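Numbering (the working numbering), first residue to last: 2 to 338. The structure appears right after this line, and notes come after that.
In structure tokens form, the structure reads like this:
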């Protein structure tokens, strides 16, 4: 495998999605393979204590690498080899032919998370196409009825999330609400990607800075009531994983998640994750009852629709690291953030 050619593709590979845009993947170049792993500094131990979102993100990154390499004509295979102690999920190796996929590097480049307004949701054909992608992996895609019950569940989930000091502290670490922040253009959740104007961003920054004092006075409830993503249109889909999915299986399902997102993108739609519905046990259980499925099988919930306006591009740190990675000795390259 031409490792130099693959290195040149890294900036596009890093367009994969991750929770809070932490970009928790690392590549370790070896003589005949590239090991994919993560750096625990970019995990979310408070917001993602089971590591589900981390592993889904790593799987999405693997799928992105395979798509980008295939579009460049590179012959690349994936060998899963999940090892928690070594913080690796597997290796990209030379293959006999390029990875077979309907997607192109341009799809990876242009895909966006969109938290803004949608003019319409997915039609039956798009839902069926996403469901077909997920069913090939033993799961399913289900439409979640966007009635009052779902709105109430979202507010409950938001309130529970904002009530946890450790989760809020973690969120503050990854928020980029000030354009003078040194990491504004490298990672995290920027004000523009969150759809916040300057006044709203300043207000949120001030509220979170005063969180210890305001939390007992009802700040979590106020923050939860301050946003209603369902009011911005679109439909809601839940991705149902196969039963008894272990850690390695979650990584592989992250590859499925990426294919589902790109299927939506190919249809002219965008996605806005509503992960809080799955992160909070009570709302996940209620969602399971609503969908008549075991709650632990619900691994991803997303608002989907046709964007009314273009979404901003989220930041990536690889532009600042790629030249360093290209010259760093193997034993100095840390595995997987």
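Ideal Cβ positions, reconstructed from N, Cα and C, are used throughout, including at glycine. Computed from a predicted structure; not experimentally measured.
- With a cutoff of 8 Å on beta-carbon distance, residue 49 and residue 24 are scored as not near each other.
- Around the beta-carbon of residue 142, 16 or more other beta-carbon atoms lie within 10 Å, marking it buried.
- The three-state reading of DSSP puts residue 27 in strand, counting E and B together.
- Beta-bridge partners of residue 79 (DSSP): 93.
- Going by C-alpha positions, residue 8 is about 13 Å away from residue 36.
- In the displayed model, residue 240 falls within a strand according to three-state DSSP.
- With a contact defined as Cβ atoms closer than 8 Å, residue 190 and residue 21 qualify at about 6 Å.
- Under the DSSP definition of a beta bridge, residue 271 partners with 306.
- With respect to the C-alpha of residue 219, the residue from 185, 159, 63 having the closest C-alpha is 159.
- Our two residues, residue 71 and residue 150, have alpha carbons roughly 43 Å apart in a direct line.
- Here the alpha carbons of residue 243 and residue 138 stand approximately 7 Å from one another.
- In the DSSP assignment, the residues bridged to residue 301 are 240.
- Taken through DSSP and simplified to helix, strand or coil, residue 111 comes out as helix.
- Counting along the chain, the unbroken alpha helix (DSSP H) around residue 63 starts and ends at 53-72.
- Within the DSSP bridge table, the entry for residue 36 names 29, 92 as partners.
- In the structure shown, residue 143 falls within a strand segment according to DSSP collapsed to helix, strand and coil.
- According to DSSP, residue pairing for residue 84 in a beta bridge involves 89.
- Approximately 6 Å separates the beta-carbon atoms of residue 114 and residue 272; this is inside 8 Å, confirming the contact.
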